[in-house]
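These notes concern the structure reproduced below.
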Amino acid sequence: MRSLLTLTLTLAVAGVAQASITVDGTVDASYGAPLAVQTVQTQFGDSSGNGAGGGELDAAYAKVWNDRLYVMITGNVEANFNKLHLFIDSKAGGENTLSSGPAYDFGNVSSNFGGLTFDQGFEADYHVFGRWGGGNFEVDVVDRAGGTCGAACGGDFGAGAVGGGAFSVLGNGTGTTSFLNGAAEAAHDDSNSAGVMGGTGAADQVAAAAVTTGFEFSIALADIGSPSVGSQILIHAAYGNGDNNYHSNQVLGGLPAGTGNLGGDGAGVFTGNLGGVDFNNFAGLQYFSVPVTAEIPEPASLVLVGLAAVAATARRRS
């Protein structure tokens, strides 16, 4: 019985250790396999690492654990204020075609998203975006409120250390009001120099999936509408310029091989906004799905379960 008890407790503790995720800009084994891997080379420059040379989105990982959503996008964000965007669909409602009404980001350049259309079935509720210019990596989290919030969108802002590292997102950005009940977590590691190459050809998906560093983010489920167990959180990741009016071809789920920069019209032309980008015009789904799973018990709870199992076994043998 002592051996059975030891085995039960060991498995309980090991199970929790395996499930844990540390937000540090590096893929944890607990994420499992990527939910999306890049399909096309980048036309925003092939990064040589540490903010230089370009930007790319190599693969997407995500997991719900202990009532939080964890997201890891491997690749690079160039240190020229280009932006990595995560749009999250986690509750009823939202926007399939983005409104130009929500006013946030510097100079309210969020309005340039007006008219951008996601794949059918995707309705954005929240917008997370990160950028840097060689200094602190900055992240904003915004509740778009179905596109109706105007200048009163709830948002929070955080800035990390120069060159990356982990930090919290809790505090008001310019022109916003806070909506987070607890700190979101973020981290950025731009050291990758491998992954997809520059161009418009088919991406080397083995190389893309081998990248282990990039942007990582975590937020409480309660702050994104409390999606229920058994539902799916949908996430669209995209990479574009600082004014939100010219998109690259780096999207997850990926665009078809041969696709160049989307620009503002979906075909690479600069139009002053993103109103001509419609992801229904491209094969495949330009988002990925994250299953909402039940909360994993704390170690103490698992130990109690193990003890109960041992006791039950002992009773059956007596």
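Read left to right, the sequence shown gives residues -19 to -1, 1 to 299 (mature numbering (1 follows the signal peptide of the UniProt record, and there is no 0)). For each residue, glycine too, the CB sits at the ideal point set by N, CA and C. Quantities reported herein were computed from a predicted structural model and do not represent experimental measurements.
Open item on the list: Comparing C-alpha positions only, which one of Gly32, Ala73 and Asn225 sits nearest to aspartate 86?
Closed with: Asn225
Open item on the list: Check whether the region 174 to 181 and the region 8 to 28 are in contact - that is, three or more C-beta pairs closer than 8 Å.
Closed with: yes
Open item on the list: Tell me the rounded alpha-carbon separation between serine 1 and alanine 275.
Closed with: 15 Å
TODO: Please look up how many angstroms separate the CB atoms of glutamate 119 and asparagine 77, rounded, as I've assumed it's under 8 Å.
DONE: About 28 Å separates the two Cβ atoms, so there is no contact after all.
Open item on the list: Check for me: the alpha helix (DSSP H) holding glutamine 186 runs from which residue to which?
Closed with: 186 to 191
Task: Nearest-angstrom Cα separation, counted from serine 209 out to histidine 66 - done: 24 Å
Open item on the list: Report the start-end ranges of each alpha helix (DSSP H) in the region 45 to 98 that is 4 residues or longer and not cut off at the edges.
Closed with: none
TODO: Would you tell me roughly how many angstroms separate the C-alpha atoms of glycine 154 and alanine 73, rounded to the nearest one?
DONE: Only weak support exists for where glycine 154 lies, its pLDDT of 42 falling under 50; the coordinates are left without a value.
Open item on the list: Which of the three DSSP states is assigned to glycine 102 in this structure?
Closed with: coil
Open item on the list: I'd like to confirm the pairing. Which residues does DSSP put opposite serine 172 in its beta bridges?
Closed with: For serine 172, which the question treats as bridged, DSSP gives no partner whatsoever.
TODO: State yes or no: is the C-beta of isoleucine 200 within less than 9 Å of the C-beta of valine 273?
DONE: no
Open item on the list: Do alanine 84 and cysteine 134 have their beta-carbon atoms positioned less than 9 Å apart in this structure?
Closed with: yes
Task: Simplified DSSP state of tyrosine 268, which is helix, strand or coil - done: coil
Open item on the list: Suppose the cutoff is 6 Å on Cβ atoms and the five residues either side in sequence are ignored; what does the same chain contact list for glutamine 186 look like?
Closed with: Val18
Open item on the list: Between the alpha carbons of threonine 7 and tyrosine 107, how many angstroms are there, rounded?
Closed with: 23 Å
Task: Candidates Gly35, Pro15, Lys44 and Asn31: closest to serine 212 by CA position - done: Lys44
TODO: In the DSSP assignment, find the beta strand (DSSP E) that holds asparagine 242 and state where it starts and stops.
DONE: Where asparagine 242 is concerned, there is no enclosing beta strand (DSSP E), given that its DSSP letter is neither H nor E.
Open item on the list: Do glycine 36 and glutamine 231 count as a contact pair if the criterion is CB distance below 9 Å?
Closed with: yes
TODO: Let me know if threonine 129 comes out buried or exposed under the rule of 16 or more other beta-carbons within 10 Å of its beta-carbon.
DONE: exposed
TODO: Enumerate in chain order the residues of its own chain whose CB-to-CB distance from aspartate 171 is below 7 Å, with the five nearest sequence positions on each side excluded.
DONE: Gly30, Asn31, Gly32, Asn57, Val58 and Gly145
Open item on the list: Less than 8 Å between C-beta atoms, sequence neighbours within five positions excluded: which residues of the same chain meet that for arginine 112?
Closed with: Val58, Phe62, Asn63, Lys64, Leu65, Phe118, Glu119 and Gly223
Open item on the list: Can you give me the C-alpha to C-alpha distance between threonine 193 and valine 4, rounded to a whole angstrom?
Closed with: 13 Å
Open item on the list: Would leucine 38 and alanine 248 qualify as a contact pair, given that the criterion is a beta-carbon distance under 9 Å?
Closed with: no
TODO: Consider the C-beta atom of leucine 50 and the heavy atoms of the ligand GTP; say whether any pair is separated by less than 8 Å.
DONE: This structure does not include the ligand GTP; it has no bound ligands of any sort.
- [ ] Quick one: measure Cβ to Cβ for asparagine 93 and leucine 255, integer angstroms, because I've assumed they're closer than 8 Å.
- [x] 6 Å
- [ ] Using alpha carbons as the reference points, say which of Asn261, Ile216 and Gly235 lies closest to serine 270.
- [x] Ile216
TODO: Give the straight-line distance between the Cα atoms of glycine -5 and valine 52, rounded to the nearest whole angstrom.
DONE: Residue confidence is low: glycine -5 scores 45 on pLDDT, short of 50, so the model does not pin down where it sits. No coordinate-derived value is stated.
Open item on the list: Given a cut-off of 9 Å on the beta-carbon distance, is the pair threonine 252 and aspartate 246 in contact?
Closed with: yes
- [ ] Could you tell me whether the Cβ atoms of glycine 239 and glycine 265 are closer together than 9 Å?
- [x] no
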